[in-house]
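Numbering (the numbering used here), first residue to last: -10 to 334.
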């Protein structure tokens, strides 16, 4: 449930716990943390070795007694204790001391659309463990819409698409609320997995975990369109021999592999539009879809959506941090609430 603007103005800091990255905004300071949601743990002693970027670099490169864990999955905290330890180290002692001086520390957090009560409770307990006396929850869709400058408070339709690592959320907003929304369990990780499976089946090649990124497949600025390069060289490990090997991959086949999981996203957009009132759909014909989130940078994804929907598709100026910036704008009081007073007789 989304908190009111008045409640959010009383909060001192905001957290966007994502499956891929964790971001923290402190009122009056700005964005202080933007790091991968990863922690490296010594399984023998239970000691935390690294968090954030350093822990991300350790993935697939550690001895058997060091494990890289991700306490957040699909926008939901799955390991509350580890999420608290990770956040403490990411925020740092200096900022934590300043926050603890607040008489009644309040926090805000993003939650995925239609998050179940257990997921909401996990987010609340994570921030309570950091010293927050009260935690306000904000729907990620509304926070992202505010962060990218959409006029969510007006009586007109705005459509936003949050492209996350584990899921894609699509919604139509009007008068500061969600009219209709859909959460599709397909995100950037599904695209990476599709590429890995394609290279394994077609070329018997395994990619290092750090190289499984569509942007690193040399699809160029044209991305998913046919104007991209015809082939690209990929380095990996041979499935049979285990030796390093390079292959030339047909990028058209890679584009087909990427488009396969994207069909679920297109189906979700269709369901949202079908459930939307006709007057709001008419607004969207001109305004189109605003894409935010880290996976919105997948080259050519906006062109594919434009072809499939026939509507304009825009990518936010800073798609990665829209949600936490929206939370920050609410904390700082930069968003004016719409007043709907009942008419007097």
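For each residue, glycine too, the CB sits at the ideal point set by N, CA and C.
message: Please report the straight-line C-alpha distance between residue 45 and residue 27, rounded to a whole angstrom.
response: Within the chain shown, numbered from 1, the residue matching residue 45 stands at position 56. Within the chain shown, numbered from 1, the residue matching residue 27 stands at position 38. Answer to the nearest angstrom: the Cα atoms are 6 Å apart.
query: Would residue 312 be called buried (16 or more neighbouring beta carbons within 10 Å of its own) or exposed?
result: Against the chain shown, residue 312 aligns to sequence position 323. Residue 312 is buried by the Cβ-count criterion.
task: State the start and end residues of the unbroken alpha helix (DSSP H) segment that holds residue 80.
output: On the chain shown, position 91 is the one that residue 80 refers to. Unbroken alpha helix (DSSP H) run through residue 80: 69 to 80.
query: Curious, which full-length alpha helix (DSSP H) runs of at least 4 residues does the region 87 to 142 contain?
result: 106 to 117, 129 to 136
message: Checking 8 Å against the spacing of the C-beta atoms, do residue 98 and residue 15 come in under that value?
response: Counting from 1 along the chain shown, the entry for residue 98 is found at position 109. Counting from 1 along the chain shown, the entry for residue 15 is found at position 26. The answer is no: Cβ separation not under 8 Å.
- prompt: How many angstroms separate the CA atom of residue 269 from the CA atom of residue 256?
  reply: Position 280 of the chain shown, counting from 1, holds the residue named residue 269. Position 267 of the chain shown, counting from 1, holds the residue named residue 256. Each residue's alpha carbon lies about 19 Å from the other.
query: Is DSSP giving residue 252 helix, strand or coil here?
result: Position 263 of the chain shown, counting from 1, holds the residue named residue 252. In this structure, residue 252 counts as helix in the three-state DSSP scheme.
message: Please report the distance separating the alpha-carbon of residue 55 from that of residue 11.
response: Mapped onto the chain shown, residue 55 falls at position 66. Mapped onto the chain shown, residue 11 falls at position 22. Between residue 55 and residue 11, the C-alpha separation is close to 22 Å.
task: Taking all protein chains shown into account, decide if residue 252 is buried (16 or more other Cβ within 10 angstroms of its Cβ) or exposed.
output: Within the chain shown, the letter at position 263 stands for residue 252. The residue in question, residue 252, is exposed, as its Cβ has fewer than 16 Cβ neighbours within 10 Å.
query: Nearest to residue 163 by alpha carbon, out of 173, 147, 155?
result: Walking along the chain shown from the start, residue 163 turns up at place 174. That would be 147, whose Cα lies nearest to the Cα of residue 163.
task: Could you have a look at residue 194 and say whether DSSP puts it in helix, strand or coil?
output: For this step, residue 194 is matched to residue 205 along the chain shown. DSSP places residue 194 in strand when its eight states are reduced to three.
task: Take residue 281 and list the residues in its own chain whose beta-carbon comes closer than 6 Å to its own, dropping the five residues that flank it on each side.
output: Along the chain shown, one-based indexing puts residue 281 at 292. Result list for residue 281: 133, 137, 151, 305, 308, 311, in chain order.
query: At what residue ranges does the region 219 to 247 contain a whole run of the beta strand (DSSP E), taking only runs of 3 or more?
result: 220 to 227, 233 to 239
- request: Within the region 256 to 324, note down every full beta strand (DSSP E) run reaching 3 residues or more, in order along the chain.
  value: 278 to 281, 302 to 304
task: Please check if any C-beta of chain B sits within less than 8 Å of the C-beta of residue 115.
output: Protein chain content of the structure displayed is limited to a single chain, and chain B is not contained in it.
message: Helix, strand or coil, according to DSSP, for residue 18 in the structure here?
response: In the chain shown, counting from the first residue as 1, residue 18 sits at position 29. Coil.
message: By DSSP's criteria, residue 150 is part of a beta bridge. Which residues make up the other side?
response: Numbered from 1 along the chain shown, position 161 holds the residue referred to as residue 150. Partner(s): 159, 280.
For residue 48 and residue 39, the rounded distance between their alpha carbons: Residue 39 sits at position 50 when you count from the first residue of the chain shown. Residue 48 sits at position 59 when you count from the first residue of the chain shown. Answer to the nearest angstrom: the Cα atoms are 11 Å apart.
query: Identify the residues that DSSP records as bridge partners of residue 3: which are they?
result: By one-based count along the chain shown, residue 3 stands at place 14. For residue 3, which the question treats as bridged, DSSP gives the partners 14, 97.
message: Buried or exposed, going by whether 16 or more other CB atoms sit within 10 Å of the CB of residue 171?
response: The residue labelled residue 171 in the question sits at position 182 within the chain shown. That one is buried.
Where residue 183 falls: helix, strand or coil (DSSP): Along the chain shown, one-based indexing puts residue 183 at 194. Helix.
task: Grab me the residues of residue 295's own chain with a C-beta within less than 6 Å of its C-beta, minus the 5 sequence neighbours each way, in chain order.
output: Position 306 of the chain shown, counted from the start, is the residue given in the question as residue 295. Closer than 6 Å at Cβ, skipping near neighbours: 302.
message: In whole angstroms, give me the CA-to-CA distance for residue 9 and residue 153.
response: For the purposes of this step, residue 9 is taken as the residue at position 20 of the chain shown. For the purposes of this step, residue 153 is taken as the residue at position 164 of the chain shown. Using only the alpha carbons, I get a separation of about 8 Å.
- prompt: By Cβ distance below 8 Å, which residues in the same chain neighbour residue 19 in space, the five residues on each side in sequence not counted?
  reply: Here residue 19 refers to the residue found at position 30 of the chain shown. Result list for residue 19: 317, in chain order.
- prompt: Does the pairing of the region 109 to 116 with the region 85 to 92 give three or more beta-carbon distances under 8 Å?
  reply: no
- request: Can you tell me the Cβ-Cβ gap for residue 194 and residue 227, rounded? I've got them flagged as a contact below 8 Å.
  value: Locating residue 194 in the chain shown gives position 205, where the first residue counts as 1. Locating residue 227 in the chain shown gives position 238, where the first residue counts as 1. 7 Å between Cβ atoms; contact.
field: The alpha helix (DSSP H) enclosing residue -2, as first and last residue numbers
entry: Locating residue -2 in the chain shown gives position 9, where the first residue counts as 1. Note, residue -2: alpha helix (DSSP H), -6 to -2.
message: Quick check on this structure: which residue in 53, 107, 24, 22 has the alpha carbon closest to the alpha carbon of residue 31?
response: To locate residue 31, count along the chain shown from 1; it is residue 42. Nearest C-alpha to residue 31: 53.
field: Top-ranked residue by Cα proximity to residue 261, from 69, 167, 78, 73
entry: For this step, residue 261 is matched to residue 272 along the chain shown. Measuring from the Cα of residue 261, the nearest candidate turns out to be 167.
query: Helix, strand or coil: how does DSSP classify residue 56 here?
result: In the chain shown, the residue the question calls residue 56 occupies position 67. Residue 56 falls in the strand class under three-state DSSP.
task: Counting only the same chain and skipping the five closest in sequence on each side, list residues whose C-beta sits under 6 Å from that of residue 73.
output: The count along the chain shown starts at 1 and reaches residue 73 at position 84. Only 115, 118 meet the Cβ criterion.
field: Span of the beta strand (DSSP E) around residue 9
entry: The count along the chain shown starts at 1 and reaches residue 9 at position 20. Element bounds for residue 9: n/a, residue is neither H nor E.
- prompt: Quick one: is residue 235 buried, meaning 16 or more other Cβ sit within 10 Å of its Cβ, or exposed?
  reply: For this step, residue 235 is matched to residue 246 along the chain shown. Residue 235 comes out exposed.
field: Classification of residue 233 by the beta-carbon crowding that lies within 10 angstroms, buried from 16 upward
entry: Numbered from its first residue, the chain shown carries residue 233 at position 244. Label assigned to residue 233: exposed.
query: Taking C-alpha atoms, which residue in 248, 314, 278, 188 lies nearest to residue 237?
result: Your numbering for residue 237 matches position 248 in the chain shown. Closest option to residue 237, Cα to Cα, is 188.
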